[in-house]
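Working notes for the structure below.
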Amino acid sequence: PLKGKILNVEKARFDKMLASAEVGTLITALGCGIGREEFDINKLRYHSIIIMTDADVDGSHIRTLLLTFFFRQMRDIVEGGHIFIAMPPLYKVKKGKQEQYLKDEKALEQYLLQSALDGTMLYGSADTPPIQGPALEKLVNEFKKVESLIERMSRTYPKDVLKRLLEVPRIGQQEFSEQTHSQSWSERFGALLTTGTVTNGTLYSVDSVLNPETQLYMQRVIQTQHGIETVYDLNDDFFLSSSYEAIANLGSQLEGLIEDDAFIQKGEKKQAISSFEA
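Sequential numbering from 12 applies to the sequence shown in this note's numbering.
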């Protein structure tokens, strides 16, 4: 095993590289020499060279340095398919007597989600059959994907606005071309934004505005925060984007799903919910 980081062979002179203890150990272990005159792949002692480093920033750097060394000084080993990279797990979870290793944060999040959903039933109301198993897992995963999408989009648009798009009907061609339909959608969306957002000191208004460039109607959202107004124009490019499509598709699935008496149940435990997010 090598300790610490090896020399960066991309920058070092050949003689300095050979003087490195770590590089010398590596060359000796492989047995195939180094350099144009000395290297002989037929003398390679090991035909499976596995790079194993810690699952942190230093480990990633060491892995890169080793790959650079092999690519620059022993390329035949790389091209011959002798180099393998072991992916170390970042987490270990224990449930009862069972232990499981998880590669990264995404795998941990998925594990925790599946554990939470195992045996869980979602009742949209007291009178409707529950959503459970693969159907519930699929819906939750779609919700989490849109949640991540909204987080990324919130760099450009207010998160309040993006989240409320889940609660209004999908905007269509009539809303683009006909003023009455566009204004009707504006009023409905504006009413939703007004509910719940005024409490955190942010006010919104929505109006239907004709885009002079396209002659299509767009939704103009004005955010007022601490007396400062910011204008966000949601035009046809926004509503025809794949991002809005994902939000609207999820909104269609959630429409009417959660009623006043909705609850989740796991075993004997029940908990009332007011929204799918809750």
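Even glycine gets a Cβ: it sits at the ideal position worked out from N, Cα and C.
On a predicted model such as this, the values are computed, not experimentally measured, just so you know.
Would you list the one or two residues that DSSP bridges to residue 283?
-> 274
Considering only C-alpha positions, which residue in the set 262, 252 and 73 is nearest to residue 151?
-> 262
Tell whether a beta-carbon distance below 8 Å holds between residue 77 and residue 88.
-> no
CB contact flag (residue 257, residue 160, <8 Å) | yes
Pull up the distance between the alpha-carbon of residue 225 and that of residue 193, whole angstroms please.
-> 15 Å
Segment limits, alpha helix (DSSP H) that includes residue 38 | 32-41
So, helix, strand or coil for residue 216, using DSSP?
-> strand
Please determine, among 243, 99 and 264, the residue with the shortest C-alpha to C-alpha distance to residue 167.
-> 243
Opposing strand residues paired with residue 104 [DSSP bridges] = 111
Per-residue DSSP class, three states only, for residue 50 = coil
Presumed contact (8 Å Cβ cut-off) between residue 220 and residue 204, rounded CB distance | With a Cβ gap of about 16 Å, residue 220 and residue 204 do not count as contacting.
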